[in-house]
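Encoded as structure tokens, the structure appears first; notes follow it.
Residue numbers (the working numbering): 184 to 360.
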């Protein structure tokens with residue numbers, strides 16, 4: 184077996200959002216989310232680390248070409264999220280609060296989709312290992328693909344796993360059949 188290595192690429196993006204749950208009253212939202220529930224939104228300069236795990240190819244000396252990893256991050260993260268209002272521009276957040284936890288989950292599954300639909304990337308030994316999202320320098324979320332998702336998100340993810348269904352880059356969680 185070839186040596187196993189972890190490769191990480193860091194990328195920054197800016198996005199606006201409002202923490203608000205449609206399952207709660209306005210008063211409950213204000214109490215729970217405080218100033219982050221302001222109706223005029225607020226923004227963050229996020230930093231995300233994408234870590235892949237895989238065998239070092241004995242011919243290339245790489246787990247995956249970092250140029251390819253950069254391209255996948257552009258497709259999965261930068262195009263749908265950078266300089267966007269998460270609540271208005273990303274359908275995934277029409278149904279759930281745009282918390283950092285939910286954003287990390289979205290990034291994980293959208294990265295998986297773009298990675299798996301590319302034959303060259305999919306054929307490498309690289310596998311997504313971890314998404315680490317910095318909402319601020321003090322608020323950091325890690326997601327490793329674990330746990331059960333809510334019903335609607337699970338349907339989205341199931342469709343992604345089938346790989347025969349695409350995600351529109353302008354509206355990353357609208358399924359095309």
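A virtual CB, placed ideally from N, CA and C, is assigned to each residue, including glycine. Keep in mind the model is a prediction, meaning the values are calculated, not measured.
Residue i vs residue j beta-carbon contact at 7 Å
i	j	result
residue 256	residue 290	no
residue 316	residue 231	yes
residue 198	residue 249	no
Given residue i as reference, the closest of the options once Cα atoms are compared
i	options	result
residue 215	304, 270, 282	282
residue 326	297, 288, 197	288
residue 286	242, 318, 329, 299	318
residue 314	184, 190, 227, 185	190
residue 229	253, 194, 207, 237	194
residue 329	323, 321, 311	311
Contact belief for residue i with residue j at Cβ below 8 Å, rounded distance in angstroms
i	j	result
residue 221	residue 280	That pair is no contact at about 14 Å.
residue 239	residue 309	With 8 Å as the limit, residue 239 and residue 309 do not qualify as a contact, their Cβ atoms being about 10 Å apart.
Beta bridge counterpart(s) of residue i as assigned by DSSP
i	result
residue 210	DSSP lists no partner for residue 210.
residue 325	315
residue 203	BP columns for residue 203 are empty, so no partner.
residue 198	227, 267
residue 189	236
residue 310	236
Next item on the list: Please go through the region 223-307 and give each complete beta strand (DSSP E) segment of 3 or more residues, from N-terminal end onward.
Entry: 225-238
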